[in-house]
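This report concerns only the one structure given below.
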Amino acid sequence: MEQEKNSCWYAIRTFNCKEIKISNYLAEKGLPNFVPMTYSQRFIEGKEKPQKILVPVVHNYLFLQKTQPESVILQALQECPIPMSIIKDRDTNQFCEISDSEMAEFRLLCDPQFDSSIFVDSEEVEAKPGKEVIIIRGPFKGVSGKLYRVRNNYYFIKAFVGIGVMVRISRWYCQVKP
1 MEQEKNSCWY AIRTFNCKEI KISNYLAEKG LPNFVPMTYS QRFIEGKEKP
51 QKILVPVVHN YLFLQKTQPE SVILQALQEC PIPMSIIKDR DTNQFCEISD
101 SEMAEFRLLC DPQFDSSIFV DSEEVEAKPG KEVIIIRGPF KGVSGKLYRV
151 RNNYYFIKAF VGIGVMVRIS RWYCQVKP
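Below, the structure is given as structure tokens:
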């Protein structure tokens, strides 16, 4: 399905680690969604060595692209037999909308092939001090966030609805925002 230029995304909170089942349900309904995944070493029954399999990065979160009117999306979510809720803004009580450009940055940072990402709560990201920067080199060129120093290592931090992503990066790849 072709993505619209001005589309947005909703963050959905699930319960009891059912994000994959809800993702499959939404895909059946024709609603594009995204579950952040990473590779993990797990023992599979019948195998002697651990296998590398894709697992959700943060349980109980998935993202739904708004490609249809809100009423159609809400109807599809209400018909789902698995409990879930769309995350709302605390001040306005409206659904939190994530812009398409922010979601593209988040999906880039969540690439399962890049295994140096650390995922934390967005409150933890907000609590960490750091300078606002934009990455000017490398695979994350153009992404903006905070640069945070721990001992002699630098981490690029980007916060989204409920989730924060930390990536170890050279400080020379970043430029302080004016």
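172 is the number that the working numbering gives to position 172 of the sequence shown; each next residue is one higher, with no gaps. By construction, the Cβ of each residue, glycine as well, lies at the ideal position given by its N, Cα and C atoms. All values derive from a computational prediction rather than experimental measurement.
As computed with DSSP, residue 17 is found in no beta bridge at all. The way I'd put it, the segment 25–36 does touch the segment 44–64; three or more beta-carbon pairs between them come closer than 8 angstroms. Annotation: residue 58 is outside any alpha helix (DSSP H) and is labelled neither H nor E by DSSP. Under the criterion of beta carbons closer than 8 angstroms, residue 146 and residue 133 qualify as touching, at roughly 7 angstroms.
DSSP places residue 31 in no beta strand (DSSP E); its state is neither H nor E.
The segment 44–51 and the segment 66–85 do not touch, with fewer than 3 CB-CB distances between them shorter than 8 angstroms.
Between residue 87 and residue 162, the C-beta gap is smaller than 8 angstroms, which places the two residues in contact. Under the DSSP definition of a beta bridge, residue 11 partners with 63. Here residue 154 is actually not in contact with residue 135; their C-beta atoms are around 11 angstroms apart, not less than 8 angstroms. Taking residue 120 as the centre and dropping the five residues before and after it, the same chain places the C-beta of 164 and 166 closer than 7 angstroms to its C-beta, in chain order. Contact between residue 38 and residue 112 holds, since their C-beta atoms are separated by about 5 angstroms, short of 8 angstroms. CA-to-CA, the gap between residue 151 and residue 90 works out to about 35 angstroms. If one requires a minimum length of 3 residues, the beta strand (DSSP E) runs lying completely within the segment 121–146 are 131–135, in chain order. In this structure, the CA atom of residue 116 is about 16 angstroms from the CA atom of residue 173. Exclusion of the five residues before and after residue 50 leaves 41, 42 and 43 as the residues of its chain whose Cβ lies within less than 7 angstroms of its Cβ.
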